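Chemist: My questions all concern the structure below.
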Amino acid sequence: MNATVIYSDRKTVGIQIKRDGSVVVHAPKGMSRARINELLEERAEWIRKHSQERAPRDGRIQRVYYLGKAYPVERGEGKTVFDGGRFILPPDSDNAASVSALAGFFKAAGKRYMADKTAHWASVMRLPQPPAPRITGAKTRWGSCGGKGGNRINYSYMLMMTDEECIDYVAVHELSHITYKNHNADFYALVQKYIPDYKNREAKLKEYGKTFTKQGFYD
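Read the sequence shown against the working numbering and you will find it ends at 231, with the numbers running on by one and no gaps.
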């Protein structure tokens, strides 16, 4: 694997993926190139994944997540299409246009999917069925509950790019606000009753957010 090695007085090895997708290794003085190559092989999958995310070949999104799985993005004719194995976007879409096209797809796909998820968890939690959720373009939160809509739940379309565990957590989180409007101890106790590992899922959502930021979804 090609990588630029920078030696310094540091005690640990750091691997950096630059904006152009190139790999830079920050290594302690005296570490052999053979050992560095071993470390690069151990982290090969991570490096490939982040290199693809950081450096689209033509400045446009090349891969996008859908329900937690990354799919290739290609350019073709007509409107945005997902064929089960790839996304096909309009041919002349730049990165901003690609994000807009994908946002439209996820908003449409999320209407039924999140309505079903919300209804399922409302039943499990023995709550009254809330109104059908809205799928919004929110970029500062994954979901919200209340406001002028009473118990109406809103979800960001970007939630559809995360995995099912994260989606379940956000649904339970927002449904818990029907009972507790604030993030107090009782609220989190209710969330934990149904999602015992909710803190791990919160951490996963933060990582997804970082990935989506690199791809331009938060611009």
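We put the beta carbon where it would ideally sit given N, CA and C, even for glycine. Predicted model, so just to flag it, every value in this text is computed and none were measured.
1) Name the residue from P84, F99, Y19 whose alpha carbon lies nearest to the alpha carbon of G90.
2) Could you tell me if F182 is buried or exposed, where buried requires 16 or more neighbouring beta carbons within 10 angstroms of its beta carbon?
3) Okay, do the segment 77–91 and the segment 189–198 touch, 3+ Cβ pairs below 8 Å being the bar?
4) Thinking C-beta only, is V17 closer than 8 Å to I12?
5) Can you tell me whether R213 is buried or exposed? The criterion is at least 16 other CB atoms within 10 Å of its CB, across all chains shown.
6) Note down, one range per segment and in chain order, each beta strand (DSSP E) of at least 3 residues found wholly within the segment 59–113.
7) If you drop the 5 nearest sequence neighbours on each side, which residues of the same chain put their C-beta closer than 8 Å to that of V76?
8) Using only CA atoms, which one of I207, Q204, M170, L101 lies nearest to K123?
9) Going by DSSP in three states, S188 sits in which element: helix, strand or coil?
10) Going by DSSP, what residue range makes up the beta strand (DSSP E) through A148?
Modeler: Let me lay it out:
1) Among P84, F99, Y19, the Cα nearest to that of G90 belongs to F99.
2) In the sequence under discussion, the amino acid at residue 182 is Val, which differs from the Phe named in the question. The residue is buried, with at least 16 neighbouring Cβ atoms inside 10 Å.
3) Contact fails: fewer than three Cβ-Cβ distances are below 8 Å.
4) Only positions 13 to 231 of the chain appear in the structure, and residue 12 is not among them; the question remains open.
5) Buried: at least 16 other Cβ atoms inside 10 Å.
6) You should have 75–78, 81–87, 99–101.
7) If we look at V76 and ignore the five residues flanking it on each side, its Cβ neighbours are A82, Y83, V85, F99, L114, M173, Q227.
8) If you compare the alpha carbons of I207, Q204, M170, L101 with that of K123, the shortest gap goes to M170.
9) Helix at S188.
10) It should be pointed out that residue 148 corresponds to Thr in this sequence rather than to Ala. That run of the beta strand (DSSP E) goes 146–148.
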